[in-house]
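Peer 1: Residue numbering for the sequence shown follows full-length UniProt numbering, beginning at 1 and increasing consecutively.
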Amino acid sequence: MVAERSFPRHSARTQGFTLGAPRNITVAADGDRVLFLRSLDGTDRRNRLWTLDLNTGEEALLADPDTVVDDSTLSPQERARRERSRERAAGIVGYATDEAGDLVAFALSGRLFVCEVPGRTVEELPVQAPVLDPRPSPDGTHIAYLSRGELRVVATDGSAGRALARPDGDDVTWGAAEFIAAEEMRRSRGYWWAPDSTRMLAARVDEADVPRWYLDDPAEPDQAPASMAYPAAGTVNADVRLAVLGLDGTRVDVDWDRAHYPYVVAASWNEHGSPLLTVQTRDQRTQLVLALDPDTGATAEIHRDTSAHWIEIKPGWPTWTPDGRLVRIAAHDDAYRLVVGDEHWTTAPLQLRGVVDVTDEDVLVSASAADPTQVHLYRVTAHGAERITPAPGVHTGHRRGEVTVLQSEDLDTPSPRVRVLRRGEPVAEIANHADTPELALNVELLRVGNRDLATALLLPHGHRPEHGPLPVLLDPYGGPQAQRVLARQRGWFTSQWLADQGFAVVVIDGRGMTGRDPAWDHALSGDLAGPTLQDQVDGLHALAARRPELDLDRVAIRGWSFGGFLAALAVLRRPDVFHAAVAGAPVTDQRLYDTHYTERYLGDPTTSPEVYEASSLIADAPRLRRPLLLVHGTVDDNVVPAHSLRLSAALTAAGRPHSFLPLPGVTHMPSDETTAENLLVLQVDFLRRALAAN
């Protein structure tokens, strides 16, 4: 049994100390208020809709699920949408507003609700259920939403409900993002209102030719397997088309070279210019920005990017400036640069992470400079970049007009601070009700080795050199994009708890992790195994040469998803360095993972099977001679259980002992409080026994 106030239980109950923190922040057009979601406290899973009056500094509750509807019933489509976004909270988990911010729409239990912000009234509209992704028109007169594969619209007063587009096949949907768009392209939506509210750009997705996979939870033998369209590497993707749909029933199909540019990466439509589409070739080495004529459906190329490797997707672009110049992020030489029109507005060492807001005076961007562990907001003009977040740490933000909302984290405070500025001056702060971990951090951020690897070292509290060296536990993600070593407290609590169990915990961000230059990202081209594993080895040895606390005769590694792949890879290919591993939801066979992610790094498996073999683990099974624990949710639809099952089968066939812990009913990330809690405890027990036997 775990004590009631143990860290594992506290972390599980608070969803990693995220409950109670403000999220989904929107600034109203008049600059007088801010909308946001937040639960009541650090253990309450149900988000409510709130508003902050910037003139009085007072918060007000706008919509409370407890008084509206029981939100425990979710449609399969909503469950899938939440899985793509890794959403674990309940209540109101998303909303959209009209242009003014006066009308809010959200879905609960598949039903549609609207909230009139000035009057603080919430009303349910009688529409076809289940409802997904409701979005008001900019003028606030209509609500668009998805239901049963249809893209529908209803007047704000609940009248004139109708379908703008209906599926013309069993596997067709309108207005939703396909699997790989939501999972890999950062595109979670599939329709966009026109600025004049008379029509919208919408995606038609046909999955008829996508291979069908079946997820069966062995713990529930009375339930039929769930079928899903899964585009594994080298197989057929969903067919994605676009159309402009008018509220008057008109439809204009969008024309572009879909055969050569099948991926719809992004779309935007604002009042400053034509609708913009970003499309990619399947190999992701060529990307076009297209301007769309919504009256005819014709498109014109206005920009082209090419790469010998792939085009990295960054959020917030393309878009127009108010005077009609294209805003984009370009991978150029040694930096991701902001480009406005034909002018490069930033250069190295600034590495652009995303575009936040565009005005006629400047562009607000998220970026890192020489230190990738810090993320700051910069106000950029043609004359240079000004950092507006002076304190060290990780800063994100939202801006509209004269109002900027800053969310700031650092190594000194456990919870993000959310401040509201008007014309650069603080005017209010949104309260954060997240629990504080009963755990002090003992973390040190370092740069190690020839590649200057960003590294974190966490030691047990009270450990002194005379106590002797500690067993080492590497706790990385290690794969592309998902950076772990950041100058903030959030993200270190579990690693610190592991350290306090008697380990020197080491986290290393290797090549491919975001925040550095294009060459750093492209180092993984054609090989997801070699560079990522070598960076862990090199970083560990470089750190051990500086810190005698590390016992290199007792080294373990744990990870989840790509980190799980890396953990299993480590004990299979470098047993001279790694003596035990816990691999959670590992990608063991790259041919079983999706097209957009896997082909980006490894190419087409039908033409380069040897590249896939080199980055997969099944053939390595006979090499195992270290303790390995595999952990996998039985209904994981991202990294399907077949990954761990196939590796386990190969290990068994080779006569290699290993442990396998299935998690019945669990998807890609455990969300059940008891499971999440005890999973940590079981991992520590396994690692202690494995290293003691070394």
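Just so it is clear, CB atoms sit at the ideal spot from N, CA and C, and this is done for glycine as well.
These figures come from a predicted structure and were not determined experimentally.
1) Is it the case that the Cβ atoms of Q536 and A570 are separated by a distance below 8 Å?
2) With DSSP as the reference, please indicate the residues paired to R337 in a beta bridge.
3) Quick check: the Cα distance between V639 and R423, rounded to an integer number of angstroms?
4) Would you kindly work out how many angstroms separate the C-alpha atoms of E184 and K314, rounded to a whole number?
5) For P225, count neighbouring Cβ atoms within 10 angstroms of its own Cβ and tell me buried if that reaches 16, exposed if not.
6) Three or more C-beta pairs under 8 Å: does that hold for the region 129-141 against the region 55-64?
7) What did DSSP end up calling V2 once you bin it into helix, strand or coil?
8) Would E83 and T667 qualify as a contact pair, given that the criterion is a beta-carbon distance under 8 Å?
9) What three-state label does DSSP hand G384 in the structure shown?
10) Which residues mark the beginning and the end of the beta strand (DSSP E) in which A266 is found?
11) Could you tell me which residues DSSP puts in a beta bridge with Y145?
12) Report the rounded CA-to-CA distance for A3 versus D500, giving the unit in angstroms.
13) Can you tell which of T436, E438, R399 has the C-alpha that lies nearest to the C-alpha of L419?
14) If you compare alpha carbons, which of V505, G510, S415, G526 is closest to residue 743?
15) Is A440 buried or exposed, if buried means 16 or more other CB atoms sit within 10 Å of its CB?
16) State the DSSP-derived secondary structure class of E677, mapped to helix, strand or coil.
17) With G140 and L201 assumed to form a contact (beta carbons below 8 Å), what rounded beta-carbon distance in angstroms separates them?
18) Could you compute how far the alpha carbon of L125 sits from the alpha carbon of G324?
19) What span of residues does the alpha helix (DSSP H) with Y593 cover, start to end?
20) So the alpha helix (DSSP H) Q536 belongs to, where does it begin and stop?
21) What first and last residue would you give for the alpha helix (DSSP H) that runs through W174?
22) Only counting the same chain, and skipping five residues up and downstream in sequence, which positions put a Cβ closer than 8 Å to that of M1?
23) Can you find at least 3 beta carbon pairs, one from the region 558-565 and one from the region 461-481, that sit closer than 8 Å?
24) Considering A570, what are the terminal residues of the alpha helix (DSSP H) in which it resides?
25) Do L146 and A176 count as a contact pair if the criterion is CB distance below 8 Å?
26) Is it buried or exposed for R554, if we count other Cβ within 10 angstroms and need 16 for buried?
27) Spell out the partners DSSP gives D357 in its beta bridges.
28) Pop quiz: D410 and G397 are said to be a contact at Cβ under 8 Å. What is the actual Cβ separation, rounded to whole angstroms?
29) Along the chain, which unbroken stretches of the alpha helix (DSSP H) at least 4 residues long are found entirely within the region 465-503?
30) From R574 to R45, what does the alpha carbon distance come to, in whole angstroms?
31) With a cut-off of 8 Å, do at least 3 Cβ pairs link the region 206-219 to the region 153-165?
32) Looking only at its chain, what residues have a beta carbon closer than 6 Å to the beta carbon of residue 705, apart from the 5 residues adjacent to it on each side?
33) In the DSSP output, what is H303 paired with across the bridge?
34) Here's a check: name, in chain order, each residue in its chain whose Cβ is nearer than 6 Å to the Cβ of D435, leaving out the five neighbours to either side.
35) Since L292 and V254 are thought to touch, with beta carbons under 8 Å apart, how far apart are those beta carbons, to the nearest angstrom?
36) Note down the Cα distance separating P195 from A300, rounded to an integer number of angstroms.
Peer 2: In this structure, then:
1) yes
2) As computed with DSSP, R337 is found in a beta bridge with A330.
3) 46 Å
4) 12 Å
5) exposed
6) no
7) Residue placement at V2 is flagged as unreliable, the pLDDT there being 43, under the threshold of 50; the coordinate-derived value follows with that caveat. In the three-state scheme derived from DSSP, where H, G and I count as helix and E and B as strand, V2 is classed as coil.
8) For E83 and T667, yes; Cβs fall inside 8 Å.
9) strand
10) 263-268
11) R152
12) In this prediction, A3 has a pLDDT of 46, which is less than 50 and means its spatial position is unreliable; nothing more can be read from the coordinates.
13) Here the sequence assigns Arg to residue 419, which means Leu is not the residue at that position. Nearest C-alpha to R419: R399.
14) Residue 743 is absent from the structure shown; the chain starts at 1 and stops at 694.
15) exposed
16) helix
17) About 19 Å; that fails the 8 Å criterion.
18) 38 Å
19) Where Y593 is concerned, there is no enclosing alpha helix (DSSP H), given that its DSSP letter is neither H nor E.
20) 530-546
21) Here W174 belongs to no alpha helix (DSSP H); instead the beta strand (DSSP E) covers 172-174.
22) Unreliable placement is indicated for M1, whose pLDDT of 36 sits below 50; no coordinate value is reported for it.
23) Touching, per the Cβ criterion.
24) 562-573
25) yes
26) buried
27) L364
28) No, D410 and G397 are not in contact; Cβ-Cβ is about 15 Å, not under 8 Å.
29) 493-500
30) 42 Å
31) Output reads no: the region 153-165 does not touch the region 206-219.
32) Here the chain covers residues 1 to 694 and nothing more, so residue 705 does not appear.
33) V289
34) T14, F17, G42
35) 6 Å
36) Linking P195 to A300 through their CA atoms gives a straight-line distance of about 20 Å.
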